[in-house]
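S.K.:
Take a look at the structure:
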């Protein structure tokens, strides 16, 4: 460990603001990208489920129509 | 000879391969990047000129290198998509571009936060910084072009052409510190021969580069899977996934 104490670690020899700004924003940017990627995945999965329900409804109404014709 | 590769161009196989790789990639990415960052921040010796501000190197250099590395991967995918008309390659272009854009943003931002205490300014319009900013605009352009087409096949082609044209920027970024007078320092570890950095500083840096590369690969593959599902949503293999809960759990762990 290069630093004597936690407070020295956070201070980064007087450059604490810049070092933690750089690492903090980088971490936020990466987390944002990961969250956006998960959101996009959920979006596609929901679209997939909606499409399947729609197909099922179409099938069901077709069956009904055929039933009423008889 | 390379025939064993062909099935992986098919979307279903590509999807499954990504699913198998993702857990390993995510775990090793988190571990290696974590070790590298902690080592760099807490255990590496401080610089005799720059004090502890030099520790920004452990995120700045990896993100800058990868902003260009990821662009190369994207451009190669674009070339494959355009020349051999492989659809999955154009999907990879769309999946990779946002990852590269975020890496470029990180490189620019951490560069600014490093420049302020060392150069006395957040930003200068010099060759290295400006060409890196252009790289960010290239990424955003590729993303916007892909988004703006309803026909994603056409959008993929247009974005691919833009990605290929933008390749000219890569050597400009790399050699900008040699071709022009600049505030930015020259290459430290990509120099031929001996790198001009102490090994105690170099090892955590290499770990950070590898770790961030794995993070980028994991996020890229995850996005690529999503793009495959979006583009082939009417295909039977995607429909079969709807009941499969694993696709929802398959996110990376960082």
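Protein chains in written order, with UniProt numbering: chain A, 1 to 70; chain W, 1 to 254. Just so you know, even glycine gets a beta-carbon here, dropped at the ideal spot from N, CA and C.
Taking the straight line between their C-alpha atoms, what separation do you get for residue 187 of chain W and residue 52 of chain A?
M.R.: About 54 Å.
S.K.: If you measure from the beta carbon of residue 64 of chain A to each beta carbon in chain W, is any gap under 8 Å?
M.R.: For residue 64 of chain A, the answer is no, since every Cβ of chain W falls outside 8 Å of its Cβ.
S.K.: Who are residue 51 of chain W's beta bridge partners in DSSP?
M.R.: Per DSSP, W:47.
S.K.: Could you have a look at residue 149 of chain W and say whether DSSP puts it in helix, strand or coil?
M.R.: DSSP places residue 149 of chain W in coil when its eight states are reduced to three.
S.K.: Go ahead and label residue 234 of chain W buried or exposed: buried means 16 or more other beta carbons lie within 10 angstroms of its beta carbon, across all protein chains shown.
M.R.: Classification for residue 234 of chain W: exposed.
S.K.: Mind checking the stretch 43 to 54 of chain W against chain A and listing, in chain order, the residues whose C-beta falls within less than 8 Å of any C-beta there?
M.R.: Under the 8 Å Cβ criterion, the stretch 43 to 54 of chain W contributes 43, 44, 45, 46, 51, 52, 53.
S.K.: By the 7 Å beta-carbon criterion, what residues does the stretch 65 to 91 of chain W contribute toward chain A?
M.R.: Answer in chain order: no residues at all.
S.K.: Do we get a CB-CB distance below 8 Å when we pair residue 146 of chain W with the residues of chain A?
M.R.: So, not an interface residue.
S.K.: I need the straight-line Cα distance from residue 197 of chain W to residue 59 of chain W, nearest angstrom please.
M.R.: Cα to Cα, the separation comes out at about 16 Å.
S.K.: Report buried or exposed for residue 6 of chain W, applying the criterion of at least 16 other Cβ atoms within 10 angstroms of its Cβ.
M.R.: Exposed: under 16 other Cβ atoms inside 10 Å.
S.K.: Below 8 Å, can you find three or more Cβ-Cβ pairs linking the stretch 220 to 227 of chain W to the stretch 77 to 97 of chain W?
M.R.: Counting Cβ pairs under 8 Å, three or more are found: they touch.
S.K.: By a C-beta neighbour count over all protein chains shown, 10 Å radius and 16 as the cutoff for buried, is residue 260 of chain W buried or exposed?
M.R.: Outside the modelled stretch of chain W, which goes from 1 to 254, sits residue 260 of chain W, for which no answer is possible.
S.K.: Let me check understanding here. Comparing Cα to Cα, which of W:176, W:217, W:173 lies closest to residue 26 of chain W?
M.R.: Taking only the C-alpha atoms, the option nearest residue 26 of chain W is W:217.
S.K.: Assuming the contact rule is C-beta atoms closer than 8 Å, residue 56 of chain W and residue 19 of chain A should be a hit. Round their C-beta distance to whole Å, please.
M.R.: Residue 56 of chain W to residue 19 of chain A, Cβ: 6 Å. Contact.
S.K.: Mind checking which residues open and close the alpha helix (DSSP H) that includes residue 83 of chain W?
M.R.: Where residue 83 of chain W is concerned, the enclosing alpha helix (DSSP H) stretches over 57 to 83.
S.K.: Determine the burial state of residue 32 of chain A: buried for a count of at least 16 other Cβ atoms within 10 Å of its Cβ, exposed for fewer.
M.R.: When all chains shown are included, residue 32 of chain A counts as exposed.
S.K.: Taking C-beta to C-beta, are residue 173 of chain W and residue 135 of chain W nearer than 8 Å?
M.R.: Cβ atoms of residue 173 of chain W and residue 135 of chain W: closer than 8 Å.
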